[in-house]
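Per UniProt numbering, residue 1 is the first one in the sequence shown, and the count goes up by one each step. A virtual CB, placed ideally from N, CA and C, is assigned to each residue, including glycine. The model shown is predicted, which means the values in this text are computed figures rather than measured ones.
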Amino acid sequence: MRADRNRSEKPASKTHRQWLNGEKSVSLNSKKADGRVILYVDESACYLLPLLAHTWAPCGQTPVVMEQAGRAHLSLIAAMAPNGRIYVAGQDQPFTSEDIVWFLNKLCGRYGKRDMLLIWDGAAIHCS
Numbered sequence: 001m002r003a004d005r006n007r008s009e010k011p012a013s014k015t016h017r018q019w020l021n022g023e024k025s026v027s028l029n030s031k032k033a034d035g036r037v038i039l040y041v042d043e044s045a046c047y048l049l050p051l052l053a054h055t056w057a058p059c060g061q062t063p064v065v066m067e068q069a070g071r072a073h074l075s076l077i078a079a080m081a082p083n084g085r086i087y088v089a090g091q092d093q094p095f096t097s098e099d100i101v102w103f104l105n106k107l108c109g110r111y112g113k114r115d116m117l118l119i120w121d122g123a124a125i126h127c128s
């Protein structure tokens, strides 16, 4: 029997099955939230250079690229609430701890004195 590439080896947990079926009550109404605002946060970098660069020239001539390619990129951070609201900030340099604190302060300003539950991936870069 051929293994289905779209399935994991382990059976899906009850929570995962509920999420797949579109049941929003899985984590949004859990006791862990306790009335706090739930926000899913992550950041990413988009490099403006293509991964592969090709050029051409007539046979026997060396191709010459006239444009200078830099390493410019765009750093983005976003927070998404379960109700669909998305908060985004971007800059043309990598995020520092101070930039992340600035973004989180903006979120705090948006939600006032309400407690927030941030759900963030466990990447090592977030631990500074």
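Query: Spatial distance of G84 from T62 (CA atoms); Result: 52 Å
Query: Among G90, C46, C59, I86, the one whose alpha carbon lies nearest that of R71; Result: C46
Query: 7 Å Cβ cutoff met for Y40 and I100; Result: no
Query: Residue range of the alpha helix (DSSP H) that includes V101; Result: 97-111
Query: Those residues which DSSP pairs with K54 across a bridge; Result: It should be pointed out that residue 54 corresponds to His in this sequence rather than to Lys. DSSP output for H54 lists no bridge partner at all.
Query: L74, enclosing beta strand (DSSP E) - first and last residue; Result: 73-80
Query: Own chain, CB closer than 8 Å to D121, minus 5 neighbours either side, in chain order; Result: D42
Query: Under 7 Å between C-beta atoms of F103 and I77; Result: yes
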